[in-house]
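Data block below; observations after.
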Amino acid sequence: MDFFQSIESVFIGNGVITAFLFVGCIIWISYFISNKFTNGKFHGSAIAIIIGLSLAYLGGKATGGTKGLADITIFSGLAILGGSMFRDFAIVATAYGLDTKELKKAGFAGIFSLFIGVILSFTIGACVAVIFGYTDPVSITTIGAGTVTFLVGPVTGTALGASSEVMTLSIAAGIIKSILVMVTTPFFAPFVGLNNPRSALIYGGLMGTNSGVAAGLAATDPKLVPYGAMTATFYTGLGCLIVPTILFLIVNLL
Amino acid sequence: MVIYGVTLLAFSFLLGLILGEFFGYLLGIDANLGGVGFAMLILIFLSNYLKVNLNFGEVSEKGITFWSAIYIPIVVAMAAKQNVIAAIDGGMIAIIGGSLAVFISFLMIPLISKIGK
Numbered sequence: 007m008d009f010f011q012s013i014e015s016v017f018i019g020n021g022v023i024t025a026f027l028f029v030g031c032i033i034w035i036s037y038f039i040s041n042k043f044t045n046g047k048f049h050g051s052a053i054a055i056i057i058g059l060s061l062a063y064l065g066g067k068a069t070g071g072t073k074g075l076a077d078i079t080i081f082s083g084l085a086i087l088g089g090s091m092f093r094d095f096a097i098v099a100t101a102y103g104l105d106t107k108e109l110k111k112a113g114f115a116g117i118f119s120l121f122i123g124v125i126l127s128f129t130i131g132a133c134v135a136v137i138f139g140y141t142d143p144v145s146i147t148t149i150g151a152g153t154v155t156f157l158v159g160p161v162t163g164t165a166l167g168a169s170s171e172v173m174t175l176s177i178a179a180g181i182i183k184s185i186l187v188m189v190t191t192p193f194f195a196p197f198v199g200l201n202n203p204r205s206a207l208i209y210g211g212l213m214g215t216n217s218g219v220a221a222g223l224a225a226t227d228p229k230l231v232p233y234g235a236m237t238a239t240f241y242t243g244l245g246c247l248i249v250p251t252i253l254f255l256i257v258n259l260l
Numbered sequence: 007m008v009i010y011g012v013t014l015l016a017f018s019f020l021l022g023l024i025l026g027e028f029f030g031y032l033l034g035i036d037a038n039l040g041g042v043g044f045a046m047l048i049l050i051f052l053s054n055y056l057k058v059n060l061n062f063g064e065v066s067e068k069g070i071t072f073w074s075a076i077y078i079p080i081v082v083a084m085a086a087k088q089n090v091i092a093a094i095d096g097g098m099i100a101i102i103g104g105s106l107a108v109f110i111s112f113l114m115i116p117l118i119s120k121i122g123k
């Protein structure tokens, strides 16, 4: 084994540590751009997330895989660091020191937003499916489920026996939603009053995509993360519960 | 000790996820029903209890606040492993469906915010 190969093996063999180094550099560059060119107005973490997504695009293009940049061996640690285990562990940690009064005050609106969120996203997805010429209830429901989240899509599709083409569409719709939530939240936030714990709870319930909400709030105001994450965590579960059952029955009737 | 904070966090996390699995099982769906949310509530409850009763100190706290602070880097790593290609190749139906859902949901935030105020 030559010397360069052994250096490479250090990075690959210690994937998560390499990921820390790599992410740290992205964040450093992002905050540099944020301070230097936008006077700190455009959040450094928003820039970092956009850089991350762009690299994921390049990684996917280069390898043809499904895990973005993490499909390149040397960056494989990103899949672990950015996977659901570390993400959820850190999200739970953000709840430390949470204002429980705010939670109680907005509790009802939060639960309400969850139901509205799932039903609204589903309806929009289902309508788009109909406009694009889908007529069978299984396909319409599965595509609607995808716009709920990219997890509800396949769960519903499998339960109802949708075709793999429709499943792919439904997952793609869910990923689009999640990425758009990540990128657009900092822009929409000032217009919709997303600047306090109460509206963050509602936002989590309406958007529901865990990764989207996690990144969207991080790029807007990290203090709001636990509130949005709190409701978003129930969203996928609620979606898996009502989409293949109640909502499918309704679509079937129509 | 820092590890006490991490231990408390790990305990809350796992207990929350177990609860989430349990509720999923009860309702017959193959998904974790709000495990992370339960974990957050358990952590809030336990840390308040320990602070009052067991002198859960500042150093132990660091075991939790570290993970809270490392959250954004984790989100950046998460962004870098998204399947962006699949999203873009999904075609118009996926793009229109996903975008409309996001846009209209944003518009609902101020409306629902008014409820019960």
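Residue numbers (our numbering), protein chains in the order written: chain A, 7 to 260; chain B, 7 to 123.
Note that CB positions come from ideal geometry on N, CA and C, so glycine has one too.
In this text, all values refer to a predicted model and were calculated from it rather than measured experimentally.
Start-to-end residues for the alpha helix (DSSP H) that takes in residue i
i	result
residue 187(A)	170-198
residue 209(A)	203-213
residue 1(B)	Examination of residue 1(B) is not possible in this model, given that chain B is present from 7 through 123 alone.
residue 59(B)	41-59
residue 165(A)	158-166
residue 12(A)	9-19
residue 87(A)	83-87
residue 249(A)	Unbroken run through residue 249(A): none, as it is neither H nor E.
residue 121(B)	Counting along the chain, residue 121(B) falls outside any alpha helix (DSSP H), and DSSP gives it neither H nor E.
Cutoff 9 angstroms: residue i Cβ touching any chain B Cβ
i	result
residue 231(A)	yes
residue 183(A)	yes
residue 142(A)	no
residue 67(A)	yes
residue 228(A)	yes
residue 166(A)	no
residue 216(A)	yes
residue 138(A)	yes
Within-9 angstroms CB hit, residue i to chain A
i	result
residue 56(B)	no
residue 13(B)	no
residue 97(B)	yes
residue 39(B)	yes
residue 82(B)	yes
residue 53(B)	yes
Simplified DSSP state of residue i, which is helix, strand or coil
i	result
residue 113(B)	helix
residue 55(A)	helix
residue 37(A)	helix
residue 235(A)	helix
residue 151(A)	helix
residue 217(A)	helix
residue 227(A)	coil
residue 78(A)	coil
residue 255(A)	helix
residue 35(B)	coil
residue 42(A)	helix
residue 73(A)	coil
residue 62(B)	coil
Inset, instruction - Only counting runs of 4 or more residues, tell me where the alpha helix (DSSP H) segments fall wholly within the segment 69-100 of chain B, in order along the chain. - result: 77-86, 90-95
Legend entry - Given 8 angstroms, three or more beta-carbon pairs between the segment 137-150 of chain A and the segment 227-237 of chain A: no
Legend entry - Length at least 4, wholly inside the segment 95-142 of chain A: the alpha helix (DSSP H) runs in chain order: 106-137
Inset, instruction - Specify whether the segment 79-87 of chain B and the segment 40-55 of chain A touch according to this definition: at least 3 beta carbon pairs, one from each stretch, less than 8 angstroms apart. - result: yes
Inset, instruction - Output, in sequence order along the chain, the residues in the segment 241-252 of chain A whose CB is closer than 7 angstroms to any CB in chain D. - result: Absence of chain D from the displayed structure is noted, the protein chains being A and B.
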